[in-house]
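Asks: Questions regarding the structure given below will be posed in turn.
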Amino acid sequence: MPSVLIEVRRQYTPAQGIALMEAVHMALREAFKIVPGDKNVRLIVHEPHRFAYPPAREQADFYTHISIDAFAGRSLDAKRNLYKAIVTNLEPFGIPPDHVKILLREIPTENWGIRGGLAGCDVDLGFKVDV
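Its first residue numbered 15, the sequence shown is counted upward by one per residue in the working numbering.
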């Protein structure tokens, strides 16, 4: 059950924002094999002067930072697939591949409080983490 935060420097319409969040969620479903209903995605739009970006990027407004907190245990191949899928899924929004930064933090299941205050390691998740 990854928790995702997408941070951008430009406004999107409500429909575009929902589609952007769905694009990242679909990449997680594909690469990490999570179940469809396992969705925790947030989108924050920053005022451009409050979100610095690498100066070599030509389209500053499209710079996109994605932070993902996930259970530890995915393979390096699954992570590579995730990064590629996210970048590919964001291209239809006009976001250049080199304008996407993805930060994946892996957290042991015992450090997640879920489903009514249970430790993640004590819950049958309904999916495999070791993909």
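Note that beta-carbon positions come from the ideal geometry of N, C-alpha and C, so glycine has one too. Note that the structure is a prediction, hence the values are computed from the model and not measured.
Starting from histidine 79, trace the beta strand (DSSP E) in both directions and tell me its first and last residue.
Replies: The residue given as residue 79 occupies position 65 in the sequence shown. 78–85 is the span of the beta strand (DSSP E), which, as asked, contains histidine 79.
Asks: Would you say aspartate 144 reaches chain C, if we count a Cβ-Cβ gap shorter than 8 Å as a contact?
Replies: In the structure shown, chain C cannot be found, because there is only a single protein chain.
Asks: In three-state terms, what does DSSP make of leucine 90?
Replies: Counted from its first residue, the sequence shown places residue 90 at position 76. Of the three classes helix, strand and coil, the one that applies to leucine 90 here is helix, per DSSP.
Asks: Do aspartate 83 and arginine 56 count as a contact pair if the criterion is CB distance below 8 Å?
Replies: Position 42 of the sequence shown, counted from the first residue, corresponds to residue 56. Position 69 of the sequence shown, counted from the first residue, corresponds to residue 83. No.
Asks: Please report how far the alpha carbon of methionine 40 lies from the alpha carbon of glutamine 30, in whole angstroms.
Replies: One-based indexing of the sequence shown puts residue 40 at position 26. One-based indexing of the sequence shown puts residue 30 at position 16. Cα to Cα, methionine 40 sits roughly 15 Å from glutamine 30.
Asks: Taking C-beta to C-beta, are isoleucine 128 and methionine 15 nearer than 8 Å?
Replies: By one-based count along the sequence shown, residue 128 stands at place 114. By one-based count along the sequence shown, residue 15 stands at place 1. It is a contact, given that the beta carbons lie within the stated cut-off.
Asks: Only counting the same chain, and skipping five residues up and downstream in sequence, which positions put a Cβ closer than 7 Å to that of valine 101?
Replies: In the sequence shown, the residue the question calls residue 101 occupies position 87. Correct list, in chain order: Pro111, Val114.
Asks: Would you call valine 49 buried or exposed, if buried means 16 or more other Cβ atoms sit within 10 Å of its Cβ?
Replies: Here the question's residue 49 lines up with position 35 in the sequence shown. Answer is exposed; the Cβ neighbour count stays below 16.
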